[in-house]
Amino acid sequence: MARTRTAILISGRGSNMAALIKAAADPAYPAEIALVLSNRPAAGGLAVAQNAGLTTAVIDHAAFGNDREAFERAIDARLIERRIDLVCLAGFMRLLTPWFVARWEGRMLNIHPSLLPSFKGLDTHARALAAGVKIHGATVHLVSVDMDGGPIIAQGALPVLPNDSAETLARRVLAVEHRIYPTALRRFASGQNCVSGADEVIDAESNSDRMLVSPAS
Ligand code: GAR
Numbered sequence: 001m002a003r004t005r006t007a008i009l010i011s012g013r014g015s016n017m018a019a020l021i022k023a024a025a026d027p028a029y030p031a032e033i034a035l036v037l038s039n040r041p042a043a044g045g046l047a048v049a050q051n052a053g054l055t056t057a058v059i060d061h062a063a064f065g066n067d068r069e070a071f072e073r074a075i076d077a078r079l080i081e082r083r084i085d086l087v088c089l090a091g092f093m094r095l096l097t098p099w100f101v102a103r104w105e106g107r108m109l110n111i112h113p114s115l116l117p118s119f120k121g122l123d124t125h126a127r128a129l130a131a132g133v134k135i136h137g138a139t140v141h142l143v144s145v146d147m148d149g150g151p152i153i154a155q156g157a158l159p160v161l162p163n164d165s166a167e168t169l170a171r172r173v174l175a176v177e178h179r180i181y182p183t184a185l186r187r188f189a190s191g192q193n194c195v196s197g198a199d200e201v202i203d204a205e206s207n208s209d210r211m212l213v214s215p216a217s
């Protein structure tokens with residue numbers, strides 16, 4: 001079966017991108033990375049993608065001033081040119097217009113560093129600590145016009161430790177991200193989940209039954 005031609009959109013170091021690239025290096029993985037696109041020319045992830053032999057592109061948002069749709073039309077043109085089926089946002093730090101979201105609706109995933117719907121937006125780890133939650137994590141979801149609000153595909157959780165700072169928590173959540181994004185993309189690209197209604201992803205098969213309790217005793 002043809003593999004799903006996937007583009008990864010990044011803005012920075014691209015560690016989630018690297019996790020997806022590593023997973024897709026297996027020919028049996030149902031998605032192939034056909035493009036890595038950054039909105040920042042200095043994004044560290046670009047070199048990682050190039051070293052992996054992948055096609056990369058830079059579309060610098062700064063060149064478009066305030067015209068967000070023109071910026072997105074340039075991205076869209078590159079996605080079409082590369083015959084992309086699916087877009088994975090991986091630390092892509094630009095808000096998308098309803099036009100772009102509608103164009104890729106149902107075909108665009110994002111990873112967010114919190115257990116959505118808690119802590120949408122930025123500074124999720126500091127806000128989780130301030131709220132005193134005992135369990136925190138990350139979410140992969142479909143992108144909808146509602147920011148960080150689309151149907152959830154996968155989540156990973158871990159305990160918040162008594163001495164955690166935003167930095168230590170971010171580091172451990174990042175490891176969770178690297179685990180759940182390849183899983184979510186594999187499941188999505190192989191049709192293991194389908195979206196029902198506006199906001200629910202139905203899993204063809206679920207295989208997690210472990211309980212996470214924090215504090216444990
Ligand atoms: C990741 O933690 C990702 O969840 C987050 O940015 C980081 C990118 O790291 N994304 C967002 O906050 C989106 N709102 P990476 O470039 O190493 O993958």
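For the sequence shown, the numbering used here assigns the number 1 to the initial residue and increments by one for each residue that follows.
The beta carbon of each residue, even a glycine, is placed where N, CA and C say it ideally should be.
Local conformation of residue i per DSSP, three classes
i      : result
Pro117 : coil
Ser38  : strand
Thr6   : strand
Leu54  : coil
Asn66  : coil
Met17  : helix
Thr183 : helix
Ile59  : coil
Glu105 : coil
Ala31  : strand
Ile80  : helix
Val48  : helix
Leu86  : strand
N-terminal and C-terminal residue of the beta strand (DSSP E) that residue i is part of
i      : result
Val155 : Just to set this straight, residue 155 is Gln in the shown sequence, not Val. Unbroken beta strand (DSSP E) run through Gln155: Ile152 to Pro159.
Val140 : Ile135 to Leu142
Leu129 : Per DSSP, Leu129 belongs to no beta strand (DSSP E); it is in the alpha helix (DSSP H), Thr124 to Ala131.
Local Cβ density within 10 Å of residue i, reported as buried at 16 or more and exposed below that
i      : result
Glu72  : buried
Ile33  : buried
Asn66  : exposed
Val213 : exposed
Asn110 : buried
Trp99  : exposed
Leu79  : buried
Leu86  : buried
Pro162 : exposed
Met108 : buried
Val173 : buried
Leu122 : exposed
Gly45  : buried
Val145 : exposed
Ser217 : exposed
Asn51  : exposed
Gly137 : buried
Gly156 : buried
Pro215 : exposed
Residue i CB to nearest heavy atom of ligand 1 below 7 angstroms
i      : result
Arg127 : no
Met17  : yes
Leu174 : yes
Gly14  : yes
His136 : no
His141 : no
Gly91  : yes
His112 : yes
Gly53  : no
Ile10  : yes
Glu167 : no
Gly150 : no
Gly45  : yes
Glu32  : no
**the region 83-100 in contact with the region 4-17 per 3-pair CB rule at 8 angstroms** = By the criterion of at least three beta-carbon pairs nearer than 8 angstroms, the region 83-100 is in contact with the region 4-17.
**Item:** Validate contact between the region 15-25 and the region 170-186 using beta carbons, cut 8 angstroms, 3 pairs
**Value:** At 8 angstroms Cβ cutoff, the stretches touch.
**Prompt:** Three or more C-beta pairs closer than 8 angstroms, one from the region 180-193 and one from the region 21-41: is that the case here?
**Reply:** The region 180-193, when compared against the region 21-41, does touch it at the 8 angstroms Cβ threshold.
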